[in-house]
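> Here it is, the structure in full.
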Amino acid sequence: MDDSFPVLIWIFFIGIVVIYSIISQQNREKQKSAWRQLALAHNLIFVPNNSYFGNGAYVEGRYRGYSLKLETIEKKHGKSSVTYTRLKIFANRWPGERQSKTQSEPPLSFQEALNRFTAPNFGYGLDGEIKAEPGGQLIYYEQRDVIQDTQFLKYLLDLLTSLVEAYPIVVAGGAEVIPALPPALANKALGEFALQVLRDIAEETARRLAPRAHRLLCPRCLTRFGPHKAELSWWNSRTYYGCRTCGQSRKFLEGPVIAVLDNRLPAAPIQQDGTVRINWSARRELFDFDTVEIVQASDEDVERFAVQVGNDTDPSRRSRYKEMPCVVRPDCQLSENSLRILRQIFGQTMEGAEENRPGQEGQNAL
2 MDDSFPVLIW
12 IFFIGIVVIY
22 SIISQQNREK
32 QKSAWRQLAL
42 AHNLIFVPNN
52 SYFGNGAYVE
62 GRYRGYSLKL
72 ETIEKKHGKS
82 SVTYTRLKIF
92 ANRWPGERQS
102 KTQSEPPLSF
112 QEALNRFTAP
122 NFGYGLDGEI
132 KAEPGGQLIY
142 YEQRDVIQDT
152 QFLKYLLDLL
162 TSLVEAYPIV
172 VAGGAEVIPA
182 LPPALANKAL
192 GEFALQVLRD
202 IAEETARRLA
212 PRAHRLLCPR
222 CLTRFGPHKA
232 ELSWWNSRTY
242 YGCRTCGQSR
252 KFLEGPVIAV
262 LDNRLPAAPI
272 QQDGTVRINW
282 SARRELFDFD
292 TVEIVQASDE
302 DVERFAVQVG
312 NDTDPSRRSR
322 YKEMPCVVRP
332 DCQLSENSLR
342 ILRQIFGQTM
352 EGAEENRPGQ
362 EGQNAL
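Offset between the sequence shown (1-based) and our numbering: plus 1.
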C-alpha cells in the first residue's frame with residue numbers, strides 16, 4: 002500500500018472538519034445578525050457570546066411587559082446532540098407596565114382568552130411545540146435548529162405573550178373550557194400546552210370546589226356539583242369539578258336547598274339565611290334539594306309534586322328521599338290523603354311546624 006494513503010485520509014478528515022467549522026461559524030454569524038436585528042427592533046438586549054465554539058448568543062428583556070429569553074439549547078438524541086431554539090415568556094408582568102396596560106387596553110374577556118387557546122391564528126406553520134409550566138408561569142416554544150427568520154421570531158413573541166396573558170383567565174373559566182380543548186390536544190404544536198391547561202383546571206377546581214361540592218348548586222341547572230372525568234386516552238384521565246349536569250364551575254349557589262311549594266312565590270332561587278329556597282310551584286320541574294317545605298299549595302299541587310318525586314330516575318336524588326324532611330306549614334290545609342302520600346315518600350313529614358315564610362327582610366332573589 003502506498004505510504005501516502007493514510008496521509009490523504011487525514012487530510013480528507015481535516016478538510017471535513019474545517020468545512021464544518023466554517024459552515025457552523027457562518028450559521029452562528031447569521032443567527033447573531035438576525036437576533037441582533039430582532040433585539041434592536043423591540044428594545045431588547047442582545048448578548049452575542051463571541052466564543053468560537055458553541056451557540057451561546059441569546060436575547061433577553063421585556064416585551065409587552067413580560068420578561069423573555071430567546072436562546073439555543075442542546076438536546077440529546079441517542080448518542081448525538083441536536084440544537085434547538087427556545088423562546089421563553091414569563092408570566093409576571095412588571096408593575097409599571099401592568100398599570101400602563103390596564104389604563105390603555107380593555108380587560109380581556111373570557112371568550113377572547115378562550116379563542117386564543119382553541120383557535121390560535123397560526124400565521125406560520127409551527128414545526129416545534131408550545132409548552133407551559135404549571136400555573137402558566139412560564140410558556141415557551143421549542144423548535145429544532147436555529148431560527149434566523151426575524152419575522153417568524155416576532156410572530157412567536159406575539160403568539161406566546163398573547164397565550165401568557167390569556168392563561169389565568171382560561172384556567173379561571175374552569176370546566177367550561179374543557180369541551181373546547183380536544184382540537185388543541187390533538188394539535189402537534191399545542192398538545193402539550195393544552196394538556197397543561199387541563200391539568201391546571203383540574204387542580205384548581207378540585208382545590209376550590211371538591212371540599213364543598215355537596216353544598217354547591219348550579220343556578221342554571223339547579224343540580225349539585227360533583228367530579229367529572231376528562232378522558233384523554235384509555236389509560237389517562239383528569240378529574241375536575243363542576244355542575245353534574247352541565248359541568249360549569251364558575252357560578253353557583255351555596256347551602257342546603259329547600260324545595261318550597263308556595264303558589265305566591267316567583268321561580269327565581271332565593272338565597273336566605275345560609276339556605277337556597279326554590280319554588281317548585283312556579284317551576285313544576287324537579288331539581289336537587291335537601292328539604293321540602295309546603296307553605297301554600299293545593300292537594301292537586303302536592304299530588305303532582307309527589308308523582309314527579311316518585312317517578313324520579315335520577316340516582317343521586319332517589320336514594321335520598323326516604324331520609325329527607327318534609328315540613329307542612331300550619332295554614333296549608335291539605336287533605337289526609339295528601340299527607341299520607343307525603344309520609345310514604347319522605348322520611349320525616351312534620352305537620353303544623355312554625356311558619357318561616359320568605360319575604361322577610363334580608364331575603365335576596367337570585
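In this text, a Cβ means the ideal position worked out from N, Cα and C, and glycines have one as well.
All values reported here derive from a predicted model rather than from experimental measurement.
So what's L80 in DSSP terms, helix, strand or just coil?
Per the sequence presented here, residue 80 reads as Lys, with Leu not at that position. K80 falls in the coil class under three-state DSSP.
> What number of angstroms, rounded off, separates the C-alpha of V258 from the C-alpha of T86?
Linking V258 to T86 through their CA atoms gives a straight-line distance of about 56 Å.
> What residues are listed by DSSP as bridge partners for F91?
L139
> Is there contact here, the segment 66–74 with the segment 109–118, by at least three beta-carbon pairs under 8 Å?
no
> Is it buried or exposed for P267, if we count other Cβ within 10 angstroms and need 16 for buried?
exposed
> Tell me the residue span of the alpha helix (DSSP H) that contains D159.
T151 to A173
> Cβ of R245 within 8 Å of Cβ of R225?
Cβ distance < 8 Å, so R245 and R225 count as in contact.
> Among the candidates K89, V261 and L218, whose CA atom is the shortest distance from the CA of L164?
K89
> Alpha carbon to alpha carbon, what distance is there between T162 and L218?
Distance from the CA atom of L218 to the CA atom of T162, rounded to whole angstroms, is 36 Å.
> What did DSSP end up calling F47 once you bin it into helix, strand or coil?
strand
> Are the Cβ atoms of R239 and A195 separated by less than 8 Å?
no
> Helix, strand or coil for N237 per DSSP?
strand
> Measuring alpha carbon to alpha carbon, tell me which of T151, N280, E337 and L157 ends up nearest K31.
T151
> Return the chain-ordered ranges of every beta strand (DSSP E) run that is complete within the segment 272–328 and spans a minimum of 3 residues.
The segment 272–328 is shown to contain whole beta strand (DSSP E) runs of 3 or more residues at 276–280 and 292–297, in chain order.
> In whole angstroms, what separates the C-alpha of Q309 from that of Y322?
12 Å
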